[in-house]
Amino acid sequence: MGTLLLHFVVIIVAVNKISCQLGCHPQALLEWNPKKQTVQMNWTLVGNICKNRSDCFGAQEGDGWSRHLSFPQICPLQLQFGDKLLMTADGTLESYGIRILNVSKENFDSCSTDGQENDQFLFPFNINGSAQVGVKWLFPGHHYFIALHEGDTQLCKLGLRLNVSVKMQLCQSSPLLRLCSGNGICQTDLWEGAYHCRCHRNYSGRFCEKFDACLDNPCKNKGVCLSNGSTDPTRKTHKCLCPPHFTGRRNPPIGAVRTKRAETQIKTQLESFRTYWHI
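Written out as structure tokens, the structure reads:
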């Protein structure tokens, strides 16, 4: 009788909380932290529950994904590959007794076990105190966990299910090099599967290793700037393709050049364009 009464108390608390939850307020962009973190996740129905894509991920209700996420769940968690994850349960759930099961995306959505119980429990016991999640459950990718009480999925349907994204960084070609070559920020958003470089102005490439001197178009008088995308920071080169009647490093008018060298160039302006390299 006591267990049944506790079950009713959990349901009442859950329903009341889900109806007033304001959302998870996720960060649009996360920056890679070189130091590994220890993250503690508390299983509870009293807070931290969202019920649609807008609440859970900060997305607009009108997009195509929203209709697939109209169920309560714990605010999704994003981890860096190598982070430690500790799990606890609040006093009510710890007394009630819950176990955490790894499931497929389909079973996460429907709160079903589909015969996965044998070897998919994160721990061989009910959560009691703090327990560290094994590395086998935290390899890069999406992981879906649900809470069960003696095999029953009612708690999952009330919101005790957790979507965990584990991401690695793809921001350096070698561990010995700086992230994004020191020319960008290693970041991810909610929908990316890994951390990638966001390059600073004038830089491009997977690791922001290329410098584009033409971004600000240094060529004057409608000259066309061509960049060689140099990866050598000491040789950030570009060239100007000059229109007729203009010459020089940045296409000054021919008449404005007073040097003997410029006079020689005037005589050779039979071409439509001239090219000058800048180093």
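For the sequence shown, my numbering gives the first residue as 3, with consecutive numbering after it. Even for Gly, the Cβ is constructed at its ideal location relative to N, Cα and C.
Inset, instruction - For residue 129, I'd like the list of residues in its chain whose CB is within less than 8 Å of its CB, leaving aside the five on either flank, ordered along the chain. - result: Cβ within range, chain order: 45, 89, 90, 91, 95, 96, 100, 101 and 102.
Inset, instruction - Helix, strand or coil for residue 108, going by three-state DSSP, please let me know. - result: Correct three-state label for residue 108: helix.
Inset, instruction - Decide yes or no for the touch test of the region 170 to 190 against the region 154 to 162: beta carbon pairs closer than 8 Å, at least 3 of them. - result: Not touching, per the Cβ criterion.
Inset, instruction - Have a look at residue 259 and residue 208 and give me their C-alpha separation to the nearest angstrom. - result: At residue 259 the pLDDT is 42, less than 50, meaning the model places this residue with poor confidence and gives no usable figure here.
Inset, instruction - Would you tell me roughly how many angstroms separate the C-alpha atoms of residue 225 and residue 214, rounded to the nearest one? - result: Approximately 16 Å between the Cα atoms of the pair.
Inset, instruction - Compute the Euclidean distance between the alpha carbons of residue 115 and residue 124, then round it to the nearest angstrom. - result: Approximately 14 Å, taken between the alpha carbons.
Inset, instruction - Rank 109, 87, 229 and 38 by C-alpha distance to the C-alpha of residue 138 and give the top, closest one. - result: Checking every option, the nearest Cα to that of residue 138 belongs to 87.
Legend entry - beta strand (DSSP E) segment containing residue 208, residue limits: Under the DSSP assignment, residue 208 falls outside any beta strand (DSSP E); it carries neither an H nor an E label.
Inset, instruction - Report yes or no: do the region 161 to 172 and the region 189 to 200 share at least 3 C-beta pairs separated by less than 8 Å? - result: A contact exists between the region 161 to 172 and the region 189 to 200.
Inset, instruction - In angstroms with no decimal places, state the Cα-to-Cα distance between residue 146 and residue 164. - result: Taking the straight line joining both Cα atoms gives about 6 Å.
Legend entry - According to DSSP, residues forming a beta bridge with residue 215: Partner(s): none; residue 215 has no beta bridge.
Inset, instruction - Would you grab the beta carbon distance between residue 58 and residue 75 for me? Rounded to a whole angstrom, and I think it's under 8 Å. - result: Confirmed, Cβ separation roughly 7 Å.
Inset, instruction - Reducing DSSP to helix, strand and coil, say where residue 59 ends up. - result: Residue state, collapsed to three classes: helix.
Inset, instruction - Thinking residue 221 and residue 210 are a contact (beta carbons under 8 Å), I'd like their distance in whole angstroms, please. - result: No, residue 221 and residue 210 are not in contact; Cβ-Cβ is about 24 Å, not under 8 Å.
Legend entry - Host alpha helix (DSSP H) of residue 2 (start-end): With the chain represented from 3 up to 281, any question about residue 2 goes unanswered, as that position is not in the structure.
Legend entry - Status (buried if at least 16 other CB within 10 Å, exposed otherwise) for residue 247: Residue 247 comes out exposed.
Legend entry - Host alpha helix (DSSP H) of residue 171 (start-end): From DSSP, residue 171 is part of no alpha helix (DSSP H); its letter is neither H nor E.
Inset, instruction - Taking all protein chains shown into account, decide if residue 179 is buried (16 or more other Cβ within 10 angstroms of its Cβ) or exposed. - result: With fewer than 16 other Cβ atoms inside 10 Å of its own Cβ, residue 179 counts as exposed.
Inset, instruction - Return the first residue and the last residue of the alpha helix (DSSP H) that residue 159 is part of. - result: Per DSSP, residue 159 belongs to the alpha helix (DSSP H) from 156 to 160.
Inset, instruction - Whole angstroms is fine: what's the gap from residue 177's alpha carbon to residue 243's? - result: Looking at the two C-alpha atoms, the distance is approximately 40 Å.
Inset, instruction - Compute the distance between the beta-carbons of residue 111 and residue 38, then report whether it is under 8 Å. - result: No. Outside cutoff.
Inset, instruction - Just the C-alpha distance for residue 245 and residue 227, rounded to the nearest angstrom, thanks. - result: When rounded, the distance between both Cα atoms is 11 Å.
Inset, instruction - Indicate the three-state DSSP secondary structure (helix, strand or coil) for residue 143 in the structure shown. - result: In the structure shown, residue 143 sits in a strand (DSSP, three-state: E or B).
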